[in-house]
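Chains as they are written, first to last, in the working numbering: chain G, 76 to 298; chain Z, 76 to 298.
Number of protein chains: 2
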Amino acid sequence: MKTELINYLSQFVTENRIKQFDKVLQNRTRYVTVALENIYQPHNASAVLRTCDCFGIQDIHIIENYNAFIVDEAIAMGSSKWLTLYNYNTEEDNTPDAIKSLKNKGYRIIATTPHTHEIELENFDVSKGKFVVFFGTEMHGLSDHIKQNADEYLKIPMFGFTESFNISVSVALVLHHLSHKMRNLSINWQLEEEEIANLKIEWLKKTIKKSDSIIKKFQKENQ
Amino acid sequence: MKTELINYLSQFVTENRIKQFDKVLQNRTRYVTVALENIYQPHNASAVLRTCDCFGIQDIHIIENYNAFIVDEAIAMGSSKWLTLYNYNTEEDNTPDAIKSLKNKGYRIIATTPHTHEIELENFDVSKGKFVVFFGTEMHGLSDHIKQNADEYLKIPMFGFTESFNISVSVALVLHHLSHKMRNLSINWQLEEEEIANLKIEWLKKTIKKSDSIIKKFQKENQ
Numbered sequence: 076m077k078t079e080l081i082n083y084l085s086q087f088v089t090e091n092r093i094k095q096f097d098k099v100l101q102n103r104t105r106y107v108t109v110a111l112e113n114i115y116q117p118h119n120a121s122a123v124l125r126t127c128d129c130f131g132i133q134d135i136h137i138i139e140n141y142n143a144f145i146v147d148e149a150i151a152m153g154s155s156k157w158l159t160l161y162n163y164n165t166e167e168d169n170t171p172d173a174i175k176s177l178k179n180k181g182y183r184i185i186a187t188t189p190h191t192h193e194i195e196l197e198n199f200d201v202s203k204g205k206f207v208v209f210f211g212t213e214m215h216g217l218s219d220h221i222k223q224n225a226d227e228y229l230k231i232p233m234f235g236f237t238e239s240f241n242i243s244v245s246v247a248l249v250l251h252h253l254s255h256k257m258r259n260l261s262i263n264w265q266l267e268e269e270e271i272a273n274l275k276i277e278w279l280k281k282t283i284k285k286s287d288s289i290i291k292k293f294q295k296e297n298q
Numbered sequence: 076m077k078t079e080l081i082n083y084l085s086q087f088v089t090e091n092r093i094k095q096f097d098k099v100l101q102n103r104t105r106y107v108t109v110a111l112e113n114i115y116q117p118h119n120a121s122a123v124l125r126t127c128d129c130f131g132i133q134d135i136h137i138i139e140n141y142n143a144f145i146v147d148e149a150i151a152m153g154s155s156k157w158l159t160l161y162n163y164n165t166e167e168d169n170t171p172d173a174i175k176s177l178k179n180k181g182y183r184i185i186a187t188t189p190h191t192h193e194i195e196l197e198n199f200d201v202s203k204g205k206f207v208v209f210f211g212t213e214m215h216g217l218s219d220h221i222k223q224n225a226d227e228y229l230k231i232p233m234f235g236f237t238e239s240f241n242i243s244v245s246v247a248l249v250l251h252h253l254s255h256k257m258r259n260l261s262i263n264w265q266l267e268e269e270e271i272a273n274l275k276i277e278w279l280k281k282t283i284k285k286s287d288s289i290i291k292k293f294q295k296e297n298q
């Protein structure tokens, strides 16, 4: 039924758009994902979304304990439209919920923070299973909760006077390095057929004007 | 004489500071350098300086044809103090001067721009000799002059809808990847002894209050 719906909806968009969807979908992954804790500067939040799209990272987990996540569309360049954003913002401290939910889905919890057992980015073992990388707020870094509950700790080696990167730079460096490694391993990092179909329907709906009434028509014809 | 001056000046700073200088100097390089053409957003310019310091890149070439390069110190975090900045801003078009000067110093000219003969970042041959990577302005990318006069063209592979990165992200990705590769090759990427001594004197002078009169005293005593 999903295939029929995709075929039906595809009539309403250009052939080039469909080709683009298929190409992007072949490169999308949920093997690597990102969690952002209290990022509040819109230019950082937006640059992160754009970077995720560029590297084929589909899922972004957004934890808002005391800062609201605001996107600057001029910087995000429409990338948020194609990504799956998970929001954690109903409790006072939403980090435990996010960790629990991600652990239940089988993700290794990786904190980008100094630690006695930290691993250098270049030595991180991508093949050991899917993972989520946590990045903290601009001013204070990650919360104690994530620092104490991570499975592994990641460090980007630095050689200068400055001891830290801008947050959007950190995210890009980590995602570039690890997603490149992932693509060169013979592991199952691609989306499953079902996930691809679901995303394609979602993207088609976002692209087509009045998609709701078109889908209703399709459903009526195919009852 | 330089060693004596360094020893003399070292009395006026803490031992930890000297250790930091030595550690940073061991990791500094002029094998990889960066040229920025008309970058005008202070947060981008500043993030680039910070990134260069972090990856041990000593030299930054700043071409100002129609945009002034303005640093936001809150983002640069003092990194510009320790870097060598070369400014090209006396002519209407300063790009030819910059290219000429860098070619004369033996640098391969690398443009980060789409090209029929572009090389993917991961396939770029770092071992072939020292190189300078040119990055263009936020809006229009690199000028035609550099596009036509580069030796090689570099591309960061992307897999999403968005076709470009934020400039500070591009610079960080390229420098991280290529400087990491460089450090793992058995090539001469470190500064020469003379360069290390010169930089150390410069950094000591910047750190010590009233360093000019201290140096005069030293010179008088050692005439």
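By construction, the Cβ of each residue, glycine as well, lies at the ideal position given by its N, Cα and C atoms.
query: Is any beta-carbon of chain Z found at less than 8 Å from that of Asn140 (chain G)?
result: Chain Z contact via Cβ: absent.
query: How would you list, in chain order, the residues of chain Z whose beta-carbon sits under 8 Å from the beta-carbon of Leu248 (chain G)?
result: Below the 8 Å Cβ cutoff, chain Z contributes Ala247, Leu248 and His251 as neighbours of Leu248 (chain G), in chain order.
query: Can you give the Cα-Cα distance for Lys156 (chain Z) and Lys281 (chain Z), rounded to whole angstroms?
result: Going by the C-alpha atoms only, they are around 8 Å apart.
First through last residue of the beta strand (DSSP E) which encompasses Leu80 (chain G): Secondary structure note for Leu80 (chain G): it is in no beta strand (DSSP E), and the uninterrupted alpha helix (DSSP H) holding it is Lys77 to Ser85.
- request: Pull up the distance between the alpha-carbon of Met233 (chain Z) and that of Trp264 (chain G), whole angstroms please.
  value: Roughly 16 Å separates the two Cα atoms.
task: Please name the residue in G:Asn198, G:Ile221 and G:Leu84 whose C-alpha comes closest to that of Asn174 (chain G).
output: First, the residue type needs correcting, since residue 174 (chain G) is Ile and not Asn in the sequence shown. Of the candidates G:Asn198, G:Ile221 and G:Leu84, the one whose C-alpha sits nearest the C-alpha of Ile174 (chain G) is G:Ile221.
task: Would you kindly work out how many angstroms separate the C-alpha atoms of Phe96 (chain G) and Tyr161 (chain G), rounded to a whole number?
output: Phe96 (chain G) and Tyr161 (chain G): Cα-Cα distance of roughly 22 Å.
Neighbour list for His215 (chain G) in chain Z, Cβ cutoff strictly below 8 Å: Residues of chain Z passing the Cβ test: none, with the nearest at roughly 16 Å.
Span of the beta strand (DSSP E) around Asp134 (chain Z): Asp134 to Ile138 is the span of the beta strand (DSSP E), which, as asked, contains Asp134 (chain Z).
task: List the DSSP bridge partners of Leu160 (chain Z).
output: According to DSSP, which records beta bridges pairwise, Leu160 (chain Z) is partnered with Z:Ile135.
message: Are the CB atoms of Leu177 (chain Z) and Ile138 (chain Z) within a distance shorter than 8 Å?
response: In this structure, Leu177 (chain Z) does not lie closer than 8 Å to Ile138 (chain Z) by Cβ.
- request: Measure the CB-CB distance between Ile182 (chain G) and Lys205 (chain G) and report whether it falls below 8 Å.
  value: The residue asked about is misnamed: residue 182 (chain G) is Tyr in this sequence, not Ile. In contact: Tyr182 (chain G) and Lys205 (chain G) (Cβ atoms closer than 8 Å).
message: I want to see whether chain G comes within less than 8 Å of Ala122 (chain Z), judged by CB atoms only; does it?
response: Residue-level contact check: Ala122 (chain Z) touches chain G, since one or more beta carbons of chain G fall below 8 Å from its beta carbon.
message: Less than 8 Å between the beta carbons of Ser254 (chain G) and Phe130 (chain G), yes or no?
response: Yes, the pair counts as a contact, with Cβ atoms nearer than the cut-off.
message: For a test of the three-state rule: what should DSSP assign to Leu229 (chain G), helix, strand or coil?
response: Here Leu229 (chain G) carries a strand assignment [DSSP, helix/strand/coil].
message: I'd like to know if Val201 (chain Z) contacts chain G, where contact means its C-beta is closer than 8 Å to some C-beta of that chain.
response: Closer than 8 Å: no.
query: So, helix, strand or coil for Gln223 (chain G), using DSSP?
result: Gln223 (chain G): helix per DSSP, three-state reduction.
CB contact flag (Ile231 (chain G), Ser218 (chain G), <8 Å): Against a cut-off of 8 Å, the Cβ pair of Ser218 (chain G) and Ile231 (chain G) comes out as no contact.
- request: Determine the DSSP secondary structure at Leu177 (chain G), reduced to helix, strand or coil.
  value: In the displayed model, Leu177 (chain G) falls within a helix according to three-state DSSP.
Where the alpha helix (DSSP H) containing Thr126 (chain Z) begins and where it ends: From DSSP, the alpha helix (DSSP H) with Thr126 (chain Z) extends over Pro117 to Cys129.
task: Could you check the C-alpha separation between Tyr115 (chain G) and Met76 (chain Z) for me, to the nearest Å?
output: Rounded to whole angstroms, Tyr115 (chain G) to Met76 (chain Z) spans 52 Å at the Cα level.
- prompt: Going along chain Z in order, which residues have a C-beta closer than 9 Å to the C-beta of Ser261 (chain G)?
  reply: Here the premise fails: no neighbours, minimum Cβ distance about 17 Å.
query: Would you say Met257 (chain Z) faces chain G, with C-beta separation under 8 Å as the test?
result: No, its Cβ sits nowhere closer than 8 Å to a Cβ of chain G.
query: Beta carbon of His136 (chain Z), beta carbon of Val99 (chain Z): below 8 Å?
result: Not closer than 8 Å, so no.
- prompt: Got a sec? Which residues, its chain only, sit under 7 Å from Met152 (chain G) by beta carbon, not counting five neighbours each side?
  reply: Counting only Cβ-Cβ distances below 7 Å, and skipping sequence neighbours, we find Arg125.
query: Can you find a CB in chain G that lies within less than 8 Å of the CB of Gly235 (chain Z)?
result: Closer than 8 Å to some Cβ of chain G, the Cβ of Gly235 (chain Z) qualifies, so yes.
- prompt: If you run the structure through DSSP and keep just helix, strand and coil, what is Leu111 (chain G)?
  reply: In the displayed model, Leu111 (chain G) falls within a strand according to three-state DSSP.
- prompt: Among all the DSSP beta bridges, which residues are the ones paired with Arg183 (chain G)?
  reply: Arg183 (chain G) pairs with G:Phe206.
- prompt: Nearest to Arg92 (chain G) by CA position, among Z:Gln294, Z:Lys256, Z:Asn273 and Z:Gly235, is which residue?
  reply: Among Z:Gln294, Z:Lys256, Z:Asn273 and Z:Gly235, the Cα nearest to that of Arg92 (chain G) is on Z:Gly235.
Inter-residue spacing [alpha-carbon to alpha-carbon] between Thr188 (chain G) and Glu227 (chain G): Their backbone Cα atoms lie some 10 Å apart in a straight line.
- prompt: Anyone know if the C-beta pair for Thr170 (chain G) and Asn198 (chain G) falls short of 8 Å?
  reply: Here Thr170 (chain G) is not near Asn198 (chain G), since their CB atoms are 8 Å or more apart.
query: How big is the Cα-Cα spacing for Val208 (chain G) and Ala247 (chain G)?
result: Taken atom to atom, the span from the alpha-carbon of Val208 (chain G) to that of Ala247 (chain G) is near 12 Å.
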